[in-house]
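Residue numbers (the UniProt record's numbering): 1 to 231. Ideal Cβ placement from N, Cα and C applies to all residues, glycine included. One structure below.
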């Protein structure tokens, strides 16, 4: 029998996904990653990634979020949401820089460990060897091209009190299955099952930061207000 904490979390997950459904409807999404990059300007915000074969089994039956992120949280940072998503997706030619995107780094690591790509000895080492790394960068780009994205515009300044950071870390903490009853767990075929990072495997997310934290349910009220203001 599920405990009270799990039931509360399930209710919160249902509300979270209802809110994301509202946001997605406003964007005619979730959109393919390349389309999301093309649609964005210089705004700031939080993004939510979905993968085509990863569906929910407890809070609903639609796709589950597999990664949450933002950008420019340190004072003085100037990166944009569009720039961050472009870093993840790579170039139109299929190249990319996994040293500038933890999502690419983790994806490449898992592709090697599942045996679908040849081992690249410099993937996590220094110095970089772009020629040696190019085939794996291409494989990562091809895989991430299949993802879909919903984003929430939040144009606040960088800093420790950023509302983007608040939404990001609480969303991750809510979605994470690390050390909890498994709700909307990843499929057995999810690529992240092959990750060398224990926190990716235990959380069911392409995230490591915030997956061990507790979430504050009050963030859902803020999320609802922000989505209501979204244009």
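Asked                                                                                                                                                   : Found
Mapping DSSP to helix, strand and coil, what is residue 211?                                                                                            : coil
Which residues mark the beginning and the end of the alpha helix (DSSP H) in which residue 224 is found?                                                : 219-228
Specify, as a first and last residue, the run of the beta strand (DSSP E) that residue 63 falls within.                                                 : 63-69
Taking all protein chains shown into account, decide if residue 86 is buried (16 or more other Cβ within 10 angstroms of its Cβ) or exposed.            : buried
Looking only at DSSP bridge pairs, what is residue 152 linked to?                                                                                       : 46
Answer with buried or exposed for residue 46, where buried requires no fewer than 16 other C-beta atoms within 10 angstroms of its C-beta.              : buried
Would you tell me roughly how many angstroms separate the C-alpha atoms of residue 128 and residue 176, rounded to the nearest one?                     : 32 Å
If I measure Cβ to Cβ from residue 216 and keep anything under 8 Å in the same chain, skipping five residues before and after, which residues do I get? : 170
From residue 9 to residue 107, what distance separates their C-alpha atoms?                                                                             : 28 Å
What three-state label does DSSP hand residue 200 in the structure shown?                                                                               : helix
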